[in-house]
Amino acid sequence: MIPKLPRLSDYGVSPVFGFLPSELPLEILPDLYYSPWEAVIRNLQPLILSKRLRGVVDKLPILSTDLLQTESEWRRAYQILAFISHAYIWGGNIPADVLPPSISVPFIETAQHFELPTVATYAAVALWNWKPVFPDEPIDDLENLATLSTFTGSLDESWFYVVSVAIEARAAPSITLMLAAIEAARCNDSFTVTECLRSFAELLDDLGALLMRMYESCDPHVFYHRIRPFLAGSKNMADAGLPNGVIFDNGSGQDQTPVHFSGGSNAQSSIIQFFDLVLGVEHRPTGDGPPHVTDDSKATGPPAPSHSFMKEMRKYMPGPHRRFLEHVASVANIRPYVNARRSDRALCTSYDACLAMLRALRDKHIQLVSRYIVVKSRESRPHSRSLSPRQAQPNLIPQPMNIANASSDEANSRKLRGTGGTALIPFLKQARDETGEPAIDAWARRLLGNGPADAAGKGARMTKVGELASGEVEIVGLAGTWSLDDSEGGICHW
Numbered sequence: 001m002i003p004k005l006p007r008l009s010d011y012g013v014s015p016v017f018g019f020l021p022s023e024l025p026l027e028i029l030p031d032l033y034y035s036p037w038e039a040v041i042r043n044l045q046p047l048i049l050s051k052r053l054r055g056v057v058d059k060l061p062i063l064s065t066d067l068l069q070t071e072s073e074w075r076r077a078y079q080i081l082a083f084i085s086h087a088y089i090w091g092g093n094i095p096a097d098v099l100p101p102s103i104s105v106p107f108i109e110t111a112q113h114f115e116l117p118t119v120a121t122y123a124a125v126a127l128w129n130w131k132p133v134f135p136d137e138p139i140d141d142l143e144n145l146a147t148l149s150t151f152t153g154s155l156d157e158s159w160f161y162v163v164s165v166a167i168e169a170r171a172a173p174s175i176t177l178m179l180a181a182i183e184a185a186r187c188n189d190s191f192t193v194t195e196c197l198r199s200f201a202e203l204l205d206d207l208g209a210l211l212m213r214m215y216e217s218c219d220p221h222v223f224y225h226r227i228r229p230f231l232a233g234s235k236n237m238a239d240a241g242l243p244n245g246v247i248f249d250n251g252s253g254q255d256q257t258p259v260h261f262s263g264g265s266n267a268q269s270s271i272i273q274f275f276d277l278v279l280g281v282e283h284r285p286t287g288d289g290p291p292h293v294t295d296d297s298k299a300t301g302p303p304a305p306s307h308s309f310m311k312e313m314r315k316y317m318p319g320p321h322r323r324f325l326e327h328v329a330s331v332a333n334i335r336p337y338v339n340a341r342r343s344d345r346a347l348c349t350s351y352d353a354c355l356a357m358l359r360a361l362r363d364k365h366i367q368l369v370s371r372y373i374v375v376k377s378r379e380s381r382p383h384s385r386s387l388s389p390r391q392a393q394p395n396l397i398p399q400p401m402n403i404a405n406a407s408s409d410e411a412n413s414r415k416l417r418g419t420g421g422t423a424l425i426p427f428l429k430q431a432r433d434e435t436g437e438p439a440i441d442a443w444a445r446r447l448l449g450n451g452p453a454d455a456a457g458k459g460a461r462m463t464k465v466g467e468l469a470s471g472e473v474e475i476v477g478l479a480g481t482w483s484l485d486d487s488e489g490g491i492c493h494w
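Residue numbers (the numbering used here): 1 to 494.
Structure, rendered in structure tokens:
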């Protein structure tokens, strides 16, 4: 029996807002019982600046979550507690590896409500952390978006978050569009499938332009040294001062096991994985080459997603969104449908155009990572090869221990660390190249496999920032969340 198409309302997905909440995120919890939390989040930047945040949080009462009544209130509570927790961990000269019960207990409860880990996920910093400047204007307009919470109070940090929000909003129509394409393919309606794919390709192209607006108001130096440290998780953070993870003290007085979670990352965006699923793009562990298929007719479609990175990042998505992707994977049929109709030039061209636009989006993301991370991590290294930063400049005021300073302190190590340590560029390049593999036309497949920059000898190439021809450079990600041994990961799986 053919499985039914997913009904968006069953998974908390909106045909208008996509994976963003259909109700505007609350700017404040309505019950005064939660005013202690609201007071801290309202004064988060001065508390961090004055190094008084931990003392204030330690004195907070342990508030119950029983008075949270609506999903909007639960989302607001999770978002507040995620920001306070990360500020508590990373807001001092030395990271805190134990969170007090005043934050731990309610944070654990709100995280369980959404089937999320106790960490500042993409949902906390982006999906549920925005407001429109003018409620009657579109929320996919960057000039109409603001954030509810930031660690630094900077325009740069707000812009970093709202670019993701705008992309989510702009991409929302693609969900119903591509589900309609799947339904049309079931009915053997090639005309409708073709029209849906053409519209999807145009939308993906629009998202690429939106992503590149990151440069307008988010300075790479501010991001790398001021914002990014607060996004770090507790996984593989020994160099940044958290060798044993973080303990969320539940107040029981018993020994508790530390947790190791990845930091916030756009790789946790459900919409990006939706793109891959509906187009039948498969991703392999970094370093694995494409399978050798001699008969194109055998490549009828991807198996159920098994790539470890994909699975890991889904654990950081709200439970309903995670299950929506699983449902979409079970009904996706566009790739085998197009592959079986190679003589339909309009259909094949529209499908290949979608792959080209998605690959171009990933190319733009690599450029962004290069500017914000690769270049900044190299600038952070000491100029002297024989002296450590402390030896070369012994009179400097001691710097806080965090992921940014850990990257420069370990300049002589073989591998730079992301928030969890990432082999970012090889992964991103492979994910980009894999996007073109399903292309139907042989010329398109060859072009998408090599990339426009490689094929034409033009464009920004990663070798300009030190990438080896083999692609074996391992560098930090914007909020990368993987261990070095995993050899994969990064901020966005785009």
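We treat Cβ as the ideally placed atom computed from N, Cα and C, and that holds for glycine.
(1) Sort Arg323, Asp441, Cys348 and Cys196 by Cα distance to Arg7 and report the nearest one.
(2) By Cβ distance, which residues of its chain are closer than 6 Å to Pro132, with the 5 residues on each side in sequence left out?
(3) Ends of the alpha helix (DSSP H) at Phe191?
(4) Taking just the CA atoms, how far does Val281 sit from Gln430?
(5) Looking only at C-alpha atoms, which of Leu177, Val162 and Leu155 sits nearest to Asp219?
(6) Apart from the five residues on each side of it in sequence, which residues of its chain come closer than 8 Å, Cβ to Cβ, to Tyr11?
(7) Asn236 to Met313, Cα distance in whole Å?
(8) Can you check DSSP and say which residues form a bridge with Ile247?
(9) Just the Cα atoms here: how many angstroms apart are Asn93 and Leu53?
(10) When burial is assigned at 16 or more other CB atoms within 10 Å of the CB, is Leu207 buried or exposed?
(11) Could you compute how far the alpha carbon of Leu49 sits from the alpha carbon of Thr70?
(12) Can you say whether Ile2 is buried or exposed, counting buried as having 16 or more other CB atoms within 10 angstroms of its CB?
(13) Please name the residue or residues paired with Leu145 in a DSSP beta bridge.
(14) Cα separation between Ala26 and Ile80?
(15) Does DSSP put Leu242 in a helix, a strand or coil?
(16) Using only CA atoms, which one of Leu358, Thr192, Leu116 and Ala96 lies nearest to Pro243?
(17) Taking the C-alpha atoms as reference points, what is the distance between Glu379 and Ile373?
(18) The alpha helix (DSSP H) with Leu355 in it runs from where to where?
(19) With burial defined as no fewer than 16 other Cβ atoms inside 10 Å of the residue's Cβ, what is the status of Glu168: buried or exposed?
(20) Could you check if Thr354 is buried or exposed, using at least 16 other CB atoms within 10 Å of its CB as the buried criterion?
(21) With distances taken from CA atoms, which of Pro101, Tyr224 and Met178 is nearest Ser495?
(22) Count the other CB atoms within 10 Å of the CB of Asn129; is the residue buried (16 or more) or exposed (fewer)?
(23) Using C-beta distances below 7 Å, list every residue in its chain close to Ser35, excluding the 5 sequence neighbours before and after it, in chain order.
(24) Would you report the Cα separation of Leu368 and Gly251, rounded to the nearest angstrom?
(25) Would you say Gln112 touches the ligand NAP, meaning its beta carbon is less than 8 Å from a heavy atom?
(26) Write down the C-beta distance between Lys364 and Leu211 rounded to the nearest angstrom, noting that I regard them as a contact closer than 8 Å.
(27) Within 8 Å, do at least three Cβ pairs link the segment 175 to 186 to the segment 113 to 126?
(28) Let me check one thing: in DSSP terms, what residues is Met237 bridge-paired to?
(29) Within a Cβ cutoff of 7 Å, which residues of the same chain sit near Pro101, ignoring the five residues on either side of it in sequence?
Taking the definition as stated:
(1) When only C-alpha atoms are compared, the closest one is Arg323.
(2) Take Pro132, set aside five residues on each side of it, and the residues of its chain with a beta-carbon closer than 6 Å to its own are Ile139 and Asn144, in chain order.
(3) Boundaries of the alpha helix (DSSP H) around Phe191: Ser190 to Leu211.
(4) Each residue's Cα considered, the two are about 12 Å apart.
(5) Checking every option, the nearest Cα to that of Asp219 belongs to Leu155.
(6) Counting only Cβ-Cβ distances below 8 Å, and skipping sequence neighbours, we find Pro320, His321, Arg323, Phe324 and His327.
(7) Computed Cα separation, rounded: 16 Å.
(8) In DSSP, Ile247 forms a bridge with Val98.
(9) Those two C-alpha atoms are separated by around 12 Å.
(10) Under this definition Leu207 is a buried residue.
(11) Those two C-alpha atoms are separated by around 33 Å.
(12) In the assembly as shown, Ile2 is an exposed residue. Its beta-carbon has fewer than 16 other beta-carbons within 10 Å.
(13) For Leu145, which the question treats as bridged, DSSP gives the partners Pro132.
(14) A small correction: the amino acid at residue 26 is Leu; Ala does not occupy that position in the sequence shown. Taken atom to atom, the span from the alpha-carbon of Leu26 to that of Ile80 is near 11 Å.
(15) If DSSP states are grouped into helix, strand and coil, Leu242 belongs with the strands.
(16) Among Leu358, Thr192, Leu116 and Ala96, the Cα nearest to that of Pro243 is on Ala96.
(17) Straight-line measurement puts the Cα of Ile373 at about 10 Å from the Cα of Glu379.
(18) For Leu355, the enclosing alpha helix (DSSP H) starts and ends at Arg345 to Val369.
(19) Classification of Glu168: buried, given that the 10 Å Cβ count is 16 or more.
(20) Position check: residue 354 holds Cys in this sequence, whereas Thr was assumed. Buried is the call here.
(21) No statement about residue 495 is possible, as the shown extent of the chain runs from 1 to 494 and does not include it.
(22) Under this definition Asn129 is a buried residue.
(23) So no residue of the chain qualifies.
(24) Cα to Cα, the separation comes out at about 43 Å.
(25) Among the components of this structure there are no ligands whatsoever, and the ligand NAP is therefore not found.
(26) Contact flag correct, Cβ pair sits at about 5 Å.
(27) No, because fewer than three Cβ pairs between the segment 113 to 126 and the segment 175 to 186 fall closer than 8 Å, the two stretches do not touch.
(28) Met237 pairs with Leu242.
(29) Around Pro101, the same chain offers Ile62, Asp249, Asn250 and Gly251 as residues with beta carbons nearer than 7 Å, after the five sequence neighbours per side are excluded.
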